[in-house]
Amino acid sequence: MAAHRGTPCNFDVGDFVLWSRVDQRLTSNKLLEQWVGPFQIVRTRPHSFVIKHLVTAREFEVHGTRLKYYADKDFNVTADILEFTTQQGILLGVNAIKEHRYNAVLKRWELLVSWCGLQDVEDSWESLASMLKDVPAKVTEYVQDPADSELLHQLE
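Position in the sequence shown (from 1) plus 6 gives the number in our numbering.
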């Protein structure tokens with residue numbers, strides 16, 4: 007097998023990069039690639055880098071070809087940069103489901119979701135249907151706890 011003679015990635019720990027991600031939420035069969043970030047390089051590995059999300063501090067291992075240089079380690083992360091980063095559609099993990107309610111205006115059941123790496127003030131009401139699709143085990147676990155027969159009936 008011939009060796010590939012590409013250009014090695016040259017990022018240093020502390021550098022800020024953009025990450026090329028494929029958006030799987032599209033309804034068509036097409037994949038849309040987007041640059042999101044910035045993220046900070048926290049570790050280097052032989053063929054990849056570990057990057058950290060600026061808001062959630064969640065770490066991801068990413069191949070160097072999926073990264074683009076953004077700024078060096080002296081970059082000043084301002085409140086505006088953090089706000090921009092939170093609005094990019096990064097998928098967050100569900101820490102816990104705290105409450106539920108029926109939204110009469112939207113005619114749907116909703117769950118109050120606590121997100122991994124975010125503060126309590128950032129908890130949000132999400133539809134039962136979308137949460138059941140995204141994190142079925144968490145929803146099923148929550149529905150068993152409160153013994154709310156009406157909510158339990160929604161899963162059947």
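By construction, the Cβ of each residue, glycine as well, lies at the ideal position given by its N, Cα and C atoms. Model, not experiment: these values are computed from the prediction.
Beta carbon of residue i nearer than 8 Å to that of residue j
i      : j      : result
VAL100 : VAL61  : no
GLU132 : GLU116 : yes
SER136 : VAL119 : no
TRP41  : SER54  : no
LYS144 : ILE103 : yes
ILE57  : VAL19  : no
ASP80  : ILE47  : no
HIS106 : LEU138 : no
ALA77  : PRO44  : yes
Bridge-paired residues (DSSP) for residue i
i      : result
GLN150 : BP columns for GLN150 are empty, so no partner.
GLU156 : Answer is none; GLU156 lacks a bridge partner.
ARG27  : GLN40
LYS74  : LEU24
Outcome for residue i when other beta-carbon atoms lying within 10 angstroms are tallied against a minimum of 16
i      : result
THR33  : Residue placement at THR33 is poorly supported in this model, since its pLDDT is 49, which falls under 50; the coordinates are not used for a value here.
LEU134 : buried
TYR148 : buried
HIS59  : buried
ARG51  : exposed
ARG72  : buried
VAL111 : exposed
VAL68  : buried
Three-state secondary structure assigned by DSSP to residue i
i      : result
ARG64  : coil
ARG51  : coil
LEU112 : coil
LYS104 : strand
VAL56  : strand
VAL119 : strand
Cβ-heavy atom distance, residue i to the ligand SAM, below 7 Å
i      : result
VAL149 : In terms of ligand content, the structure shown is empty, and the ligand SAM therefore cannot be addressed.
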